[in-house]
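Numbering (the working numbering), first residue to last: 10 to 527.
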């Protein structure tokens, strides 16, 4: 007996909702059609004042279970179907990735709650027709083409080539099972290698071989396979695969009853066991011509925003269109961006037209010191300088530099080990109006002399404990020991400088080896 629960809800005088709840362990999607027929037969009989009478089934679910056990045989027998298929899956899934590292909007939680949401997926009729033509030309099915397209999408999104997708199969190989309510569906693991240098048709060939191999070994229940393979278990993600592709082609469970207008009520369950779950179905017009492939992408809201899920859905559509129009193209050359997204990245994100204002770096530092003088500005090995303390040291040293002739567009070399003194020296040069030239004290004397000569500077700021080889004629100021008591600590203005400071003046000069090797 199938565990089932039903309730008839009246929402108005002429509108009712019939709610039927069946656990998935007892019924699959294909069971809805015979269940609907049974409900219709019961309604018609009761409306005539009669007891329902159903045509006895040729087989029951228990018959299928006994048959399946007999066909699979003993796993301990190496000649049995069970042993043969288990050996296939063990080899096929050896070294399978623990999980597919999709680009998520948030870190993966330690324990998933299966909260989900849905976005639509729609492949147009023209693309549907072209995909059908490709499937026919290459001795594949429409499902195989869609599987290949999804594998390409996931490979491009993750930057990996080992793509694992789960898919359900009906498991009803005999006509006598069509009217049986039960859980016949099995889950197959489709592992596909997507070479970025391969053509889309190459991926289709790979998907075809993968799918045919899986279908030829589809009798072992997925749950038993998980027990045997014993993959890494986690409450954060599903075992073996995290992306599901369901291609629905069963007939809709339609009800037609006299005196009633009946329509299905779609329910958004807002749950998913997977990171991404694509559920698609193909449709055809009255002439039998392709009318499009449509469905939904159910995504984990713990990992993705709706905008991201929309991009995934539209990405699948674009890859499908590429299979339809440029199947000879390579995977690595495929663009996943829509025209408006491309324009946004190239034009909007790449725009360099920014209003910078007239403030200099010195103005910005002065404003910050005035705004939060007690806030920490520099931290090093447990010591800290506040903005106020930094400002006092910088102002005194800057006045010394001005006295030595440093001003806008003149350069001063800095030879420091990593320390707060390096920040003080850098800011002091800027405040005086000059530009700083970093030196690595560990560089050879020849390299240091070359930089100083090229920069045309004869002044180096450093510390007394820094060992640096300086050529003759270069003035050295050890800022940790130099006497600055005679210099004021208030900010410098243009009247104090050699020349007024402007935003266009040089802030720093960096020397690299470049193509000359110098």
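Beta carbons: idealized from backbone N, C-alpha and C, even for Gly.
Asked                                                                                                   : Found
Sequence-distant residues of its chain with Cβ nearer than 8 Å to residue 172 (five each side left out) : 109, 160, 163, 164, 200, 201, 202, 203
For residue 31, the three-state DSSP class (helix, strand or coil)                                      : strand
Proximity winner among 21, 363, 28, 69, relative to residue 184 (alpha-carbon distances)                : 69
First through last residue of the beta strand (DSSP E) which encompasses residue 22                     : That residue, residue 22, is in no beta strand (DSSP E); it is neither H nor E in DSSP.
C-alpha distance - residue 157 paired with residue 378, whole-angstrom precision                        : 59 Å
Rounded straight-line distance, which links the Cα of residue 419 to that of residue 435                : 14 Å
CB-CB length for residue 169 against residue 312, believed under 8 Å                                    : Not confirmed; about 17 Å, so no contact.
C-alpha gap between residue 471 and residue 407, whole angstroms                                        : 14 Å
Which of helix, strand or coil DSSP assigns to residue 246                                              : coil
Given residue 265 as reference, the closest of 497, 47, 336, 243 once Cα atoms are compared             : 47
For residue 497, the nearest candidate out of 54, 486, 402 (CA to CA)                                   : 402
Residue 400 versus 389, 372, 424, 363, residue with shortest Cα-Cα distance                             : 372
Three-pair Cβ contact test at 8 Å for the stretch 343-358 versus the stretch 226-245                    : no
Close Cβ partners of residue 54 (< 6 Å) along its chain, the five nearest in sequence each way excluded : 61
Proximity below 7 Å, CB of residue 192 to CB of residue 37                                              : yes
Segment contact flag, the stretch 214-222 with the stretch 247-260, C-beta cutoff 8 Å, min 3 pairs      : no
Nearest-angstrom Cβ-Cβ length linking residue 441 and residue 468, presumed shorter than 8 Å            : Between residue 468 and residue 441 the Cβ distance is about 11 Å, and since that is not below 8 Å, they are no contact.
The alpha helix (DSSP H) enclosing residue 184, as first and last residue numbers                       : Premise fails: residue 184 is in no alpha helix (DSSP H) and is neither H nor E.
Residue 538 versus residue 376 - alpha carbon distance                                                  : Since the first residue shown for the chain is 10 and the last is 527, residue 538 is missing from the structure and cannot be characterised.
Anticipated Cβ contact below 8 Å, residue 134 with residue 301, distance rounded                        : 5 Å
Run of the alpha helix (DSSP H) containing residue 52, from where it starts to where it stops           : 41-56
Under the three-state DSSP convention, the category residue 200 falls into                              : strand
Residue 289, enclosing beta strand (DSSP E) - first and last residue                                    : 285-293
Those residues which DSSP pairs with residue 309 across a bridge                                        : 125
Inter-stretch contact at 8 Å, needing at least 3 Cβ pairs: the stretch 379-390 / the stretch 446-460    : no
Cβ pair residue 130, residue 306 closer than 7 Å                                                        : yes
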